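> Before anything else, here's the structure in question.
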Amino acid sequence: MERPHLARASLPPLRGGGEEILTSFAGEVRGVYRDFLERLEVFHRAGGGGLETSRACSDAVEAIVVHLYRSLLADTKLDPARAPALVALGGFGRRELSPASDVDLLFVPGRGGDDDGGFTGHLVRLMWDAGLRLGHSVRTMAELRKAIRRDLDLRTAVLDSRLVSGDDAARSRLAVLREEVLTRDRGGFLEAKLGEATRRWEKYGGSYHLIEPNVKESPGGLRDWQTIRWLGTALPWKGTLTGLYRLSLVDRTEIVEIRRAFDFLVRVRNELHFRAQSDWNVLTLEVQREAAAGLGYVARGDLLAVERFMRDYYSRTRLVYAVLERLFAETRGRGNLRVIDGVLYRRVGAPGLGRLDLRLLGEKIRQDPLFMFKAQLETGRLFSPRMERRVRTLYRTDRLDPAGAVRMRESFLELLCMPGRQAPVLRSMHELGVLRHLVPPFERLRCLKRYDLYHQYTADEHSLQAVAALDALESETGLLARLYGEVAEKTELLLATLLHDIGKTSARGHALAGARMAEKILARFPLSTRSRELVVFLVRNHLLLSHFSQRRDMDDPDTAAQFVKRVRSGLNLKLLYLLTYADLRATGVGVWTDWKASLLEGLYDRASALLADRRRAGAAWRSRLDDRRRKIVAAAGGEAERARMAAHLDSLPARYAGIVTPARAREHLAMIDELEGRAAVVRFRRLRHVKEITVLTRDRPFRLSQLCGVLTVNDLDIRGAWAFTRRDGVVIDRFHVARLDGSVSLGAEDRRRLEADLDAALSGGLDLDRAVGLH
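Set out below in C-alpha cells:
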C-alpha cells in the first residue's frame, strides 16, 4: 500500500482577513489534516513501517505549518525579513512525529521584531485551531545561544533542529549555532547525556523487562535510541551506527537488527497514539492486548497474540538497551573507550571492547560446556557482541547429547560455588539460551507477566533481580549482609532464589507447584539429598516470612509456635530471611521499605530466640506476659482504677497484655467510657512509618471486614491489624495504615471523613460493597 501524502496544494487558501475568516480557514485545514490522519491509520494498520508512518506524519505537519505561515504572511503583508523563522525541534526536527506527538517549534524573531509578536500570536492560534498539538517557544538567536549553555535539553534539541520556514540568513545562523553546540564542551555533553540516561534507568529499576513499559522512556525504549544517536555526535565518524561499529560497540548483524528494532518501537508508539488519540506511550496491561491486535498479531501455538507481541517488544528493547549499556560500561572504569578533547576514541592498543571474546574450541566445550561463563564470572566482564552471537548459535539446538548435558549440570554447580557476582552471568545464560538446557521450566517464565499491585517486572526478570539483590549484599553492611557472609549454603540459596517462582506458570499455589518442579529438576543434578531437600524447602516456603511478618500476630504464642514448627531450624530461618529479602527487593522500585525491613528483622529476631531454646520458649512467654500484666495494672492510678484495669485484662485474650503499653491500655479504658451511645470511638496516632488508628466498637458479624472496607474507601493501605474482643462484646481494633503513595499524614478533614464513614457503615447507612466497587 502506498504511503499517504498531504500536499500543500490540497490545503485550502486563506481568503481575506478577520477573526471569523481565520477561524474558518483553520477549521478547513483541520478537516484536511483529520482526513489525512485517517488515511495514515489505514496505511499503518495495513503493515506500514514505523518510520514510514512517522515521516508521513512529519511531512504533513510541515506542509500545514508552512501553509499557515505563508498564508498569514501574505494576508498581513508583513515584510518577510521581519517575520519570525520557524525552527522544528524534537521529533518534528528529526521527522519522527507520531500521530499525537507535540509539534515542537522555536520562533526566532526576524530583523526588527514582528510587530510586537502579533504575527507570532496569530500563527500560534491558527496552528492550534488547525489541530496541531503545539509546544512552542520564542527566542532570539542571542537568547538561544545563552540558554543552551545551561539547559541540556535545549542543547540537545538544537542538534535535532532544522529550519522549516524563514530566510537563508536564519538558516545560516542556525547552522552556526548547531556547530557551536557540537564543538563547545563536547565531552561535557557526552557525560551529561550518559548521566541523564543513567538516572532514567534508575527510575525504572534498570530493566527493560517491565510489566507495563513506557515505549518512549523505559530502558531500551525510544529515548535510549535517541540518546545513542545524540552520543554519536561525539564520534569522529559520520553516522552513529557506523561510528559504533568502528569502535566495536556493535557488529554488522546488530546494525541491521537495531534499525529494525527502532522501526518496530516507532510503529508501536504510532499504534498507541492512533488508539488513544493522544500522546500516550505506556503499554498498560489492557493496552497490550489492544495493541497486539492493532499490530496484526494472532495466537500461534501455545502463545496468545499479546504474548507474541510482548516477546517481540522485549527482544527489540534488549537490542537498544545492550548498545547503551556497552557505552556505559566502556566509557568507565576498565572500559576501552575514552573521551579525548570531546571526542570518543578507543584506547590505544585496545583492539576492541574491554569484553570477553574467547575462542570456542570443540575440545574445550566438551571438557566444560560453561567455561566461557566461568570466565565471565572470574573477570567480571560481559561478552562482546561477536561472542554473544557465537554462544547463542552454539546452544540454539533444542537438545544436548546426554553426556554433554550431564557435564553442563556439573559445571553449573561449580559455577554457583565460585565467588563473584552471579546475577550478570545467569542473565547472560538466560538471554543466550543456555539456562533453558539446565532449568527447562525457567524458559516458560520468559516475558511471563503475573499482574498484581506490586510486581513491576516479568517473572524471569524478577528472579534474576532477586539474585542480583543477594549479590549486592557482598558490599553492604547490616544484619542481612552479615548473615549472607556467614552462610555456607550459598549454592543452595542461589538455586532457591533462581527457582523460587518457577511455579508461576501454574494456575494457583505457585510456591507448592514450584517446589514440586524444583524437586524434579534437582533430581538430575549431582547434589546431596540434604542440599536438594533444602532448596525444595526454601522454594515451598519462600512466602512464609513475608506472610507472617505482615499479616500475622507473632505476639500470639500459638502463632509463634506454628511459625517455629514450620521453619524447623535456625539455618532454615536464616536462608528464608535472605530469600524473602531478595524476593521483595526484586519486586519493583520502592517496594522494599524501611517498614518491611523492620517487620522482617523483628520476626527474625523473635523466631531466632524461640528456636534457640524451644523447651523454655513457652515458659518464657508466660513469664513475659505475667510481667507485662503486672506493669500495666501497676501503672493505673488508684486502687479502683487498678481493679478496673485487672478486670479489663481478664476479659481479653492473654496476648493483649503482650502487645499494648500501659498508656495504651489506659487509653482503651477511657475510650470504652466514651463508647456509650455511640457506634464507634476512634483515635489516631502517628508512628515512624505508619499511622496507627484504634477503633472501639461493639462486636457484630463481619465487623472487622466493615472496618477494613471503610479504610479502603478512604484510600488507606492496611499494613498491620490487631483485633481483641472483650467478654462484654466490646471490640478493640488497632490498624497500622499508610496512604497508597506511602505517606502517613492524615489531615483534620481526612480524619473527620473517615469517622463519618465509620458511623455510616456501622449504622447501615453506607453500602460498603458498592463503595469499594466504585473505588
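Under numbering that gives the first Met the number 0, the final residue of the sequence shown carries the number 774; numbering is consecutive throughout.
The beta-carbon is built from N, C-alpha and C at its ideal position, and this holds for glycine as well.
Remember, predicted model here, so these are calculated numbers, not experimental data.
1. Using DSSP with H/G/I as helix, E/B as strand and the rest coil, what is H272?
2. Under 8 Å Cβ to Cβ from P700, same chain only, skipping five residues before and after it: list those, please.
3. Answer yes or no: do S57 and E95 have a C-beta to C-beta separation smaller than 8 Å?
4. Roughly how far, in whole angstroms, is the beta-carbon of S568 from the beta-carbon of L599, given that I think they are within contact range, below 8 Å?
5. Mapping the DSSP letters down to three states, classify R394 as helix, strand or coil.
6. Any idea what DSSP makes of T693, helix, strand or coil?
7. What do you reckon, are the CB atoms on L469 and L577 nearer than 8 Å?
8. Label F273 either buried or exposed according to how many other C-beta atoms from any shown protein chain fall within 10 Å of its C-beta, with 16 as the threshold for buried.
9. Starting from the Cα of E460, find the closest Cα among L209, R110, A760 and T252 and give me that residue.
10. Just mark M644 as buried or exposed, buried being the case when its beta carbon has 16 or more other beta carbons within 10 Å.
11. Just to confirm, is the Cβ distance from P418 to M516 under 8 Å?
12. Identify, in the order they occur along the chain, each residue of the same chain with its Cβ nearer than 7 Å to the Cβ of E309, setting aside the five sequence neighbours on each side.
13. Enumerate, from N- to C-terminal direction, the unbroken alpha helix (DSSP H) stretches of 4 or more residues contained entirely within the segment 586-673.
14. Short of 8 Å in beta carbon distance, which residues of its chain neighbour R110, apart from the five on each side in sequence? Order them along the chain.
15. Mind pulling the alpha helix (DSSP H) runs of 4 or more residues that sit fully within the segment 80-163?
16. From L122 to S462, what does the alpha carbon distance come to, in whole angstroms?
17. If you reduce the DSSP assignment to three classes, tell me which class W721 lands in.
18. With distances taken Cα to Cα, identify the nearest neighbour of Y581 among L544, V322 and S607.
19. Quick check on DSSP: helix, strand or coil for N213?
20. Please report the straight-line C-alpha distance between D167 and H66, rounded to a whole angstrom.
21. Kindly indicate which three-state DSSP category L452 falls into: helix, strand or coil?
22. Run through the DSSP bridge pairs and tell me what L343 is partnered with.
23. Distance check for R337 and L452, CA to CA, integer angstroms please.
24. On a CA-only basis, which of R733, L303, Y655 and A662 is nearest I692? Give me that one, please.
25. For the beta strand (DSSP E) containing F683, name the first residue and the last one.
26. Any idea which residues DSSP pairs R299 with across the strands?
27. Where in the segment 461-538 do unbroken runs of the alpha helix (DSSP H), each at least 4 residues long, occur, reported from the N-terminal end onward?
28. With a threshold of 8 Å, are at least 3 pairs of Cβ atoms found where one atom belongs to the segment 649-669 and the other to the segment 707-726?
29. Could you check the C-alpha separation between N713 and A196 for me, to the nearest Å?
30. Would you kindly check if the distance between the Cβ of M407 and the Cβ of L437 is under 8 Å?
31. Alpha carbon to alpha carbon, how far is P83 from A141? Give it in angstroms, no decimals.
32. Can L125 and A25 be called in contact, C-beta distance under 8 Å?
33. In chain order, what residues of the same chain lie with their CB nearer than 6 Å to the CB of F263, ignoring the 5 residues before and after it?
34. Do the CB positions of T490 and L542 come within less than 8 Å of each other?
35. Just the C-alpha distance for G676 and R697, rounded to the nearest angstrom, thanks.
36. Could you check the C-alpha separation between S44 and L302 for me, to the nearest Å?
In this structure, then:
1. Sequence index remark: in the sequence shown, residue 272 carries index 273 (1-based). It is helical.
2. Counting from 1 along the sequence shown, the entry for residue 700 is found at position 701. Same-chain partners within the cutoff: there are none.
3. In the sequence shown, the residue the question calls residue 57 occupies position 58. In the sequence shown, the residue the question calls residue 95 occupies position 96. Closer than 8 Å, so yes.
4. In the sequence shown, counting from the first residue as 1, residue 568 sits at position 569. In the sequence shown, counting from the first residue as 1, residue 599 sits at position 600. Their Cβ separation, rounded to whole angstroms, is 18 Å, which puts S568 and L599 out of contact at 8 Å.
5. Along the sequence shown, one-based indexing puts residue 394 at 395. Looking at the sequence shown, residue 394 is not Arg but Tyr. Reduced to three states, the DSSP call for Y394 is coil.
6. Position 694 of the sequence shown, counting from 1, holds the residue named residue 693. T693 falls in the strand class under three-state DSSP.
7. Stepping through the sequence shown from its first residue, residue 469 is reached at position 470. Stepping through the sequence shown from its first residue, residue 577 is reached at position 578. Against a cut-off of 8 Å, the Cβ pair of L577 and L469 comes out as a contact.
8. Here residue 273 corresponds to residue number 274 of the sequence shown, with the count starting at 1. Under this definition F273 is a buried residue.
9. On the sequence shown, position 461 is the one that residue 460 refers to. Each of L209, R110, A760 and T252 was checked against the Cα of E460, and the nearest Cα belongs to L209.
10. In the sequence shown, residue 644 corresponds to position 645, counting from 1. Buried: at least 16 other Cβ atoms inside 10 Å.
11. Your numbering for residue 418 matches position 419 in the sequence shown. Your numbering for residue 516 matches position 517 in the sequence shown. Not in contact: P418 and M516 (Cβ atoms no closer than 8 Å).
12. Residue mapping note: residue 309 aligns to position 310 of the sequence shown, counting from 1. One detail in the question is off: residue 309 reads as Met in this sequence, not Glu. Cβ neighbours of M309 beyond the five flanking positions: Q287 and C446.
13. 593-611, 613-634, 638-649, 654-658 and 661-673
14. Residue mapping note: residue 110 aligns to position 111 of the sequence shown, counting from 1. Closer than 8 Å at Cβ, skipping near neighbours: A80 and R81.
15. 89-93, 117-128, 140-146 and 151-158
16. Residue numbering aside, residue 122 sits at position 123 when the sequence shown is read from its first letter. Residue numbering aside, residue 462 sits at position 463 when the sequence shown is read from its first letter. Taking the straight line joining both Cα atoms gives about 54 Å.
17. Your numbering for residue 721 matches position 722 in the sequence shown. DSSP places W721 in strand when its eight states are reduced to three.
18. Along the sequence shown, read from residue 1 onward, the residue named residue 581 stands at position 582. Contrary to the premise, residue 581 reads as Ala rather than Tyr in this sequence. The shortest Cα separation from A581 among L544, V322 and S607 belongs to L544.
19. The sequence position of residue 213 within the sequence shown is 214, counting from 1. If DSSP states are grouped into helix, strand and coil, N213 belongs with the strands.
20. Here residue 167 is taken as the residue at index 168 of the sequence shown, counted from 1. Here residue 66 is taken as the residue at index 67 of the sequence shown, counted from 1. When rounded, the distance between both Cα atoms is 18 Å.
21. For the purposes of this step, residue 452 is taken as residue 453 along the sequence shown, with counting starting at 1. Annotation note: pLDDT 48 at L452 (below 50); position unreliable, coordinate value reported separately. It is coil, neither helix nor strand.
22. In the sequence shown, residue 343 corresponds to position 344, counting from 1. Its beta-bridge partners are V338.
23. Locating residue 452 in the sequence shown gives position 453, where the first residue counts as 1. Locating residue 337 in the sequence shown gives position 338, where the first residue counts as 1. Confidence in L452 is poor, its pLDDT being 48 and thus under 50, which makes the residue's placement unreliable; the coordinate value appears in the next sentence. Computed Cα separation, rounded: 43 Å.
24. Counted from its first residue, the sequence shown places residue 692 at position 693. Of the candidates R733, L303, Y655 and A662, the one whose C-alpha sits nearest the C-alpha of I692 is R733.
25. The sequence position of residue 683 within the sequence shown is 684, counting from 1. First-last of the beta strand (DSSP E) with F683: V680 to R685.
26. Taking the first residue of the sequence shown as 1, we reach residue 299 at position 300. According to DSSP, which records beta bridges pairwise, R299 is partnered with L302.
27. The qualifying runs are 478-485, 489-498 and 509-521.
28. The answer is yes - the segment 707-726 touches the segment 649-669, with three or more Cβ pairs under 8 Å.
29. Counted from its first residue, the sequence shown places residue 713 at position 714. Counted from its first residue, the sequence shown places residue 196 at position 197. Their backbone Cα atoms lie some 38 Å apart in a straight line.
30. Here residue 437 refers to the residue found at position 438 of the sequence shown. Here residue 407 refers to the residue found at position 408 of the sequence shown. Yes, the pair counts as a contact, with Cβ atoms nearer than the cut-off.
31. In the sequence shown, residue 141 corresponds to position 142, counting from 1. In the sequence shown, residue 83 corresponds to position 84, counting from 1. Each residue's Cα considered, the two are about 14 Å apart.
32. Residue mapping note: residue 125 aligns to position 126 of the sequence shown, counting from 1. Residue mapping note: residue 25 aligns to position 26 of the sequence shown, counting from 1. For L125 and A25, yes; Cβs fall inside 8 Å.
33. As a working note, residue 263 is residue 264 in the sequence shown. By the criterion of a C-beta distance shorter than 6 Å, F263 is surrounded in its chain by R315, once the five residues flanking it on both sides are discounted.
34. In the sequence shown, counting from the first residue as 1, residue 490 sits at position 491. In the sequence shown, counting from the first residue as 1, residue 542 sits at position 543. It is not a contact, given that the beta carbons lie outside the stated cut-off.
35. Working through the sequence shown from its first residue, we reach residue 676 at position 677. Working through the sequence shown from its first residue, we reach residue 697 at position 698. Straight-line measurement puts the Cα of R697 at about 11 Å from the Cα of G676.
36. For the purposes of this step, residue 44 is identified with residue 45 of the sequence shown, where counting begins at 1. For the purposes of this step, residue 302 is identified with residue 303 of the sequence shown, where counting begins at 1. Rather than Ser, the amino acid found at residue 44 in this sequence is Arg. About 22 Å.
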